[in-house]
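Visitor: Supplied in structure tokens, the structure appears directly below.
Residue numbers (my numbering): 17 to 587.
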């Protein structure tokens with residue numbers, strides 16, 4: 017394990033003394049940052065947008081949207097007005113608390129207007145990836161049961177219903193060439209004439225704000241619910257980790273429909289009163305550099321996957337652009353190896369500060385903070401107000417440099433409050449006396465830095481979200497040649513994990529190179545981009561214990577060429 021210290025302490029960091037903050041900070045201290053601490057009225061849309069739009073920052077840019085070499089600037093005043101206009105439209109359609117809205121769009125300005133409008137109404141929203149397959153849409157829309165779906169004509173062709181469920185309304189951001197079904201709406205036309213004011217619905221701190229899907233290792237994706245009260249964690253993590261200041265311009269270049277961009281591409285920078293940048297696809301390296309230069313980005317929140325794309329584009333590109341305004345760079349997704357770390361520092365001019373968090377934690381939870389030196393391959397230390405440890409199977413803290421499971425002690429503003437299941441919230445109860453296990457393996461060094469060592473299950477992190485074997489298994493199982501299938505995670509090139517499928521062929525189908533290629537193509541053509549399905553192997557049968565439970569670790573052992581022995585009593 018690399019433990020080299022990289023001097024990177026930044027003078028003037030928003031968090032100047034980490035140890036003092038660890039000793040003295042409590043989440044209640046930051047309540048005075050918000051108007052609701054005085055008024056008793058709480059809504060994230062008001063704190064992130066309205067208080068700036070109705071004050072001295074009305075004309076300050078809240079969002080810059082780049083597309084095709086051009087950019088559109090949206091002030092806090094306009095963000096307020098457009099969200100009010102859409103809130104009035106949605107309310108006129110009967111959308112209210114207890115329901116939810118789904119957004120199935122690529123990167124668009126309208127998506128942000130809709131998110132703020134939903135928060136204003138107290139209606140949770142869910143941003144869905146435009147790369148979802150028909151099968152994935154069936155699963156996710158069946159879980160959400162949205163009252164309203166906002167989409168565009170091209171994506172609507174993938175909607176998984178021939179006969180639309182009763183009660184659901186579809187809003188298009190532009191009218192389909194072939195016309196619309198009765199009851200469908202075109203967003204701009206329907207919103208025209210709506211009032212530009214709509215007082216926020218005042219809610220409690222635990223009132224649902226948004227829904228994000230995260231994969232599980234052995235079943236369908238779970239819909240995690242976050243709340244309006246997350247704002248305290250969003251504000252402080254953006255201020256401490258991303259070091260946002262009044263003049264900052266933040267670009268979170270992760271997928272705009274993912275939770276990272278929902279939090280750190282919208283709500284967190286707006287709570288800080290600063291500008292956020294979004295870039296439409298496609299985004300080759302030249303476009304990425306041009307956006308960084310043209311929009312004068314000061315703070316970048318990116319991923320190792322993106323940095324590798326820049327490496328592949330060549331060392332000569334960065335020198336063609338003026339990146340001098342960039343002041344801070346943070347990453348999310350996987351540990352940075354030394355080669356990628358130093359390439360980034362040498363070519364972008366700043367060391368990347370790795371961070372760790374998840375859909376469950378809701379906010380950045382561990383980070384290489386600007387006030388601390390960086391340790392290579394480390395994701396840093398827990399934020400003040402968050403207690404973290406590496407524990408064994410019985411929940412006991414592990415000694416230094418000993419592998420265990422990263423676990424956090426509830427509670428903090430940002431932690432998931434429940435799951436959304438078929439139209440309603442199933443609350444999650446968090447015991448502050450019990451560790452919240454993350455499923456990530458880690459170890460710590462003598463200075464309290466954490467080092468991630470992969471997963472304890474078969475989930476794989478791709479950029480800001482987790483990908484599980486369930487989707488791959490479901491697609492392969494649907495093929496006529498497959499009797500049974502199981503998928504595991506295994507090390508790939510440069511130690512990045514990939515999926516490998518084990519398939520028991522159906523009677524009458526003989527294993528062959530041609531069938532293997534056919535099955536891989538069948539799955540890859542239906543999976544979301546970047547899903548790392550890399551290999552497949554035919555087997556006669558699946559390893560199971562006496563109770564008939566599939567033993568994935570037996571498959572992992574076989575893949576590594578290791579003996580396993582008697583499996584009958586394994587769990």
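For glycine and all other residues, C-beta sits at the position ideal for the given N, C-alpha and C.
When the Cα atoms are used, what is the spatial distance from residue 226 to residue 555?
Guide: Their backbone Cα atoms lie some 42 Å apart in a straight line.
Visitor: Using the three-state DSSP reduction, which class does residue 587 fall into: helix, strand or coil?
Guide: With a pLDDT of only 42 at residue 587, under the threshold of 50, the placement of this residue in the model should not be trusted, and no figure is reported.
Visitor: Residue 386 and residue 152: beta carbons closer than 7 Å?
Guide: No, Cβ-Cβ distance for residue 386 and residue 152 is not below 7 Å.
Visitor: In its own chain, which residues sit with a C-beta less than 6 Å from the C-beta of residue 514, not counting the 5 before and 5 after it?
Guide: If we look at residue 514 and ignore the five residues flanking it on each side, its Cβ neighbours are 508, 548, 550.
Visitor: Compare the Cα-Cα distances from residue 216 to each of 52, 325, 42 and report the closest residue.
Guide: Closest option to residue 216, Cα to Cα, is 52.
Visitor: Which one of 465, 104, 456 has the shortest CA to CA distance from residue 475?
Guide: Among 465, 104, 456, the Cα nearest to that of residue 475 is on 456.
Visitor: Please state if the CB of residue 360 and the CB of residue 406 are separated by a distance shorter than 7 Å.
Guide: The answer is no: Cβ separation not under 7 Å.
Visitor: So, at 6 Å on beta carbons, what are the nonlocal neighbours of residue 88 in its own chain, with the 5 sequence-adjacent residues on each side left out?
Guide: These residues qualify, in order along the chain: 81.
Visitor: Alpha carbon to alpha carbon, how far is residue 575 from residue 524?
Guide: The alpha-carbon atoms of residue 575 and residue 524 are separated by roughly 26 Å.
Visitor: In whole angstroms, what separates the C-alpha of residue 485 from that of residue 196?
Guide: Rounded to the nearest angstrom, the two C-alpha atoms are 37 Å apart.
Visitor: What's the call for residue 213, buried or exposed, on a 16-neighbour Cβ count within 10 Å?
Guide: Exposed.
Visitor: Taking the Cβ atom as the reference point for each residue, do residue 520 and residue 489 lie within a distance shorter than 7 Å?
Guide: The answer is no: Cβ separation not under 7 Å.
Visitor: Is the segment 392-411 touching the segment 419-439 in the sense that three or more CB pairs, one from each, lie closer than 8 Å?
Guide: Cβ pair count under 8 Å is three or more, so yes.
Visitor: Is residue 301 closer than 7 Å to residue 326 when the C-beta atoms are compared?
Guide: Contact: yes.
Visitor: By the 10 Å Cβ neighbour count, where 16 or more other Cβ atoms means buried, how is residue 177 classified, buried or exposed?
Guide: Its Cβ having fewer than 16 others within 10 Å, residue 177 is exposed.
Visitor: Checking 7 Å against the spacing of the C-beta atoms, do residue 422 and residue 478 come in under that value?
Guide: Result no, Cβ atoms of residue 422 and residue 478 do not sit closer than 7 Å.
Visitor: Could you pull the start and end residues of the beta strand (DSSP E) that residue 588 belongs to?
Guide: Here the chain comprises residues numbered 17 to 587, so residue 588 is not present and cannot be evaluated.
Visitor: Under 6 Å Cβ to Cβ from residue 581, same chain only, skipping five residues before and after it: list those, please.
Guide: At residue 581 the pLDDT is 48, less than 50, meaning the model places this residue with poor confidence and gives no usable figure here.
Visitor: Find the nearest neighbour of residue 390 within the set 377, 371, 380, judged by alpha-carbon distance.
Guide: Per the Cα distances, 371.
Visitor: Under the assumption that residue 137 contacts residue 120 (Cβ atoms under 8 Å), give the Cβ distance between them as a whole number of angstroms.
Guide: Contact doesn't hold; Cβ gap of about 19 Å is too wide.
Visitor: Measure the Cβ-Cβ separation of residue 380 and residue 257 and say whether it is below 7 Å.
Guide: Going by C-beta atoms, residue 380 is nearer than 7 Å to residue 257.
Visitor: To the nearest angstrom, how far is the alpha carbon of residue 584 from that of residue 557?
Guide: The predicted model places residue 584 with a pLDDT of 39, which falls under 50 and marks its position as unreliable; any figure quoted below should be read in that light. So the alpha carbons of these two residues sit roughly 15 Å apart.
Visitor: Between the segment 93-108 and the segment 192-212, are three or more C-beta pairs nearer than 8 Å?
Guide: The segment 93-108 is in contact with the segment 192-212.
Visitor: In the structure shown, what three-state DSSP assignment does residue 536 receive?
Guide: If DSSP states are grouped into helix, strand and coil, residue 536 belongs with the helices.
Visitor: Measure how close the beta-carbons of residue 364 and residue 320 come, nearest whole angstrom, since I'm counting them as under 8 Å.
Guide: At roughly 13 Å, the Cβ-Cβ gap does not stay under 8 Å, so residue 364 and residue 320 are not in contact.
Visitor: Tell me, please, which residues DSSP counts as bridged to residue 436.
Guide: Partner(s): 441.
Visitor: Please confirm whether residue 118 and residue 165 have their CB atoms less than 7 Å apart.
Guide: It is a contact, given that the beta carbons lie within the stated cut-off.
Visitor: Does any C-beta atom of chain B lie closer than 7 Å to the C-beta of residue 273?
Guide: The structure shown contains no chain B; it holds only a single protein chain.
Visitor: So for residue 396, helix, strand or coil by DSSP?
Guide: The answer is strand: DSSP assigns residue 396 an E or B state.
Visitor: Tell me the DSSP secondary structure of residue 245 in three-state form.
Guide: If DSSP states are grouped into helix, strand and coil, residue 245 belongs with the helices.
Visitor: Measuring straight from C-alpha to C-alpha, what distance separates residue 307 and residue 58?
Guide: Each residue's Cα considered, the two are about 35 Å apart.
Visitor: Going by the beta-carbon positions, is the gap between residue 135 and residue 239 smaller than 7 Å?
Guide: No, these two residues do not count as a Cβ contact at 7 Å.
Visitor: Which of the three DSSP states is assigned to residue 18 in this structure?
Guide: Unreliable positioning characterises residue 18 in this predicted model, as indicated by a pLDDT of 47, which lies under 50. A coordinate reading is not provided.
Visitor: What is the rounded straight-line gap between the Cα of residue 552 and the Cα of residue 353?
Guide: When rounded, the distance between both Cα atoms is 28 Å.
Visitor: Would a C-beta distance cut-off of 7 Å place residue 116 and residue 146 closer than the cut-off?
Guide: Their beta carbons are not under 7 Å apart, which means residue 116 does not touch residue 146 by this criterion.
Visitor: Taking the CB atoms as reference points, tell me whether residue 101 and residue 207 lie closer together than 7 Å.
Guide: Cβ distance < 7 Å, so residue 101 and residue 207 count as in contact.
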